[in-house]
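Peer 1: Just so you know, we're using our numbering here: the sequence shown kicks off at 8 and counts up by one.
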Amino acid sequence: MTSRSRGVTSRAPYVVGALVAGLLAAPSAACTAGGEATTDSFTVGLLLPSRVVPRWESSDKPLIEQQLKQLCPHCRVTYANADDDSTAQRQQMTAMITKGVRVVILGATDNRAQRSSVQEAHNAGIPVVAYDRLADGPVSGYVSFDSLKVGTLQGQALLKAMHVPPGDGTIVMMNGDPTSPNAAWYKRGALSVLHGKVRIGRSYDTQGWSTNNANANMSAAISALGPGRIDGVLAANDAMATGVISALKSAHVGRLPPVTGQDADLDAVQRIVKGEQLMTVYKSFHAEAEAAAAMAVALGRGEKLHTIATTTTDSPTNRGIPSVLLTPVAVTTANIEQTLIKDGVYSFAQICTPGLRAACAKAGLTP
């Protein structure tokens, strides 16, 4: 995957926000003389990949639905979750095409496995917006975060926290699912920082981004390397960080090594407050959902995406895909309040439950 910038990626939220304002200022529906909605009374298909990672059901789905309703009050949404089953997702796509959706937002289980589904939609005249993961095939638009930057942020945070001379530290890399196109970019970004500065004791590709698989892999790494010889763990997301930290505790590691994460899951944020997890990467789901909804509504109305897209992206099968690539943010105890709480992702009460009040106070989090 390569990108060719037509603008400044970090301006994407403002560009999308301006577009949303414009869409909201327009009539909510093109009406006939009798008042019946026509061009703005269509169905948007929403296909998400998994329930293992909490964000899909708890953040992405409701936010996308909310944004679509705001931009197109007469539009309908039909939803399906593939539960990490690529065959099921292909069937879901076919069902949505049969039902006559006008546009699809697709969070692919596997970029290659969904190529035929994207082509099927294209053949039926239905544009597809690739969401968070760039699917192969003739997608009409792509919304995600700078995946290389995600890995870079993780690698930088880990290296800084390890406090070992260059080349002396040993880490374990708990990479994402190899079927996800983003996983390779996360890994590449992390290695761009870590290469030559640490020893990689073990590196695993974690099927399904699964907590259980990460736990098993981390247990194997501890057995091979020794519980006291791991100076840091590059966990690609928070679900896997859960499994990693559980394995470290089960091995009775006295002082937990720094462990990275991604997705700003609530339990991960609480682990950061407790000092069990080093950091997470916050990706504004609201901004991502806003951009995807704006693309879907524009395509449903037969409009071009040049006013939304701030760059273009190449996939293995397509060049010049109109894209919005948002900027991720590293979150530690130092900026939870300025990021997650300020943006309304979580409240102080959600993070600082009664059992965590002392830890929150120590971290500088106050109501």
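C-beta: ideal position from N, C-alpha, C; glycine also.
Quick caveat: nothing in here was measured; it's all calculated off a predicted structure.
1) From this set, Ala299, Lys290, Arg262 and Ala298, which residue's C-alpha is nearest Lys281's C-alpha?
2) Glu310: buried (16+ other C-beta within 10 angstroms of its C-beta) or exposed?
3) Where does Gly14 fall in DSSP's three states?
4) Quick one: what's Phe152 bridged to in DSSP?
5) Using a Cβ distance threshold of 8 Å, determine whether the stretch 332-343 contacts the stretch 175-195, with at least three qualifying pairs required.
6) Return the residue from the list Ala366, Gly52, Thr213 and Arg195 that minimises the CA-CA distance to Val125.
7) Given a cut-off of 8 Å, decide if Ala299 and Tyr138 are closer than it, judged by their beta-carbon atoms.
8) Considering only their Cβ atoms, is the gap separating Met286 from Tyr324 smaller than 8 Å?
9) State the start and end residues of the unbroken alpha helix (DSSP H) segment that holds Ala300.
10) From Val150 to Val111, what distance separates their C-alpha atoms?
11) Starting from Ile71, trace the alpha helix (DSSP H) both ways and give me its first and last residue.
12) Run the CB neighbour count on Gln74, radius 10 Å, all protein chains shown included, and call it buried at 16 or more, exposed below.
13) Comparing alpha-carbon positions, which option in Lys290, Leu347, Asp321 and Val84 lies nearest Gly158?
14) Determine the extent of the beta strand (DSSP E) in which Gly176 is found, giving its start and end residues.
15) CB Asp212 to CB Asp245, shorter than 8 Å?
16) Work out the CA separation of Glu297 and Ser66 for me, nearest whole Å.
17) Gly196 to Leu241, Cα distance in whole Å?
18) Can you name, in chain order, every residue of its own chain whose Cβ lies under 6 Å from the Cβ of Leu201, other than the five neighbours on each side?
19) Rounded to a whole number of angstroms, what is the C-alpha to C-alpha distance between Leu165 and Ile104?
20) Which class does Ile133 belong to by DSSP, given the choice of helix, strand or coil?
21) For the candidate residues Leu232, Ser210 and Val251, whose alpha-carbon lies nearest to that of Asn219?
22) Can you look up Arg278 in the DSSP assignment and give me helix, strand or coil?
23) My understanding is that Ile328 touches Val146, with C-beta atoms under 8 Å, so please give their C-beta distance in whole angstroms.
24) Given that a residue counts as buried once 16 or more other Cβ atoms are within 10 Å of its Cβ, and exposed if not, what is Phe355?
25) Among Leu160, Ser217, Pro56 and Ala128, which residue has its Cα nearest to the Cα of Trp192?
26) Looking only at its chain, what residues have a beta carbon closer than 7 Å to the beta carbon of Phe292, apart from the 5 residues adjacent to it on each side?
27) Less than 6 Å between C-beta atoms, sequence neighbours within five positions excluded: which residues of the same chain meet that for Arg11?
28) Exposed or buried, what is Lys194 when buried is set at 16 or more other beta-carbons lying within 10 Å of its beta-carbon?
29) Apply the 10 Å Cβ neighbour rule to Asn222 and answer buried if 16 or more other Cβ atoms are within range, or exposed otherwise.
30) Under 6 Å Cβ to Cβ from Ile229, same chain only, skipping five residues before and after it: list those, please.
31) Using only CA atoms, which one of Met169, Asn88 and Asp92 lies nearest to Lys204?
Peer 2: In short:
1) Arg262
2) exposed
3) Low confidence applies to Gly14: its pLDDT is 34, below 50, so where it sits in the model is not reliable enough to give any reading.
4) Leu333
5) no
6) Gly52
7) yes
8) Checking the displayed sequence, the identity of residue 324 turns out to be Thr instead of Tyr. Their beta carbons are not under 8 Å apart, which means Thr324 does not touch Met286 by this criterion.
9) Phe292 to Gly307
10) 13 Å
11) Lys68 to Leu78
12) buried
13) Lys290
14) Gly176 to Asn182
15) no
16) 12 Å
17) 11 Å
18) Gly162
19) 45 Å
20) coil
21) Val251
22) helix
23) 6 Å
24) exposed
25) Leu160
26) Arg62, Ser66, Asp67 and Leu70
27) The predicted position of Arg11 is uncertain, since its pLDDT is 44 and thus under 50; a value taken from the coordinates is nonetheless stated next. Here the set comprises Thr319.
28) buried
29) buried
30) Ala258
31) Met169
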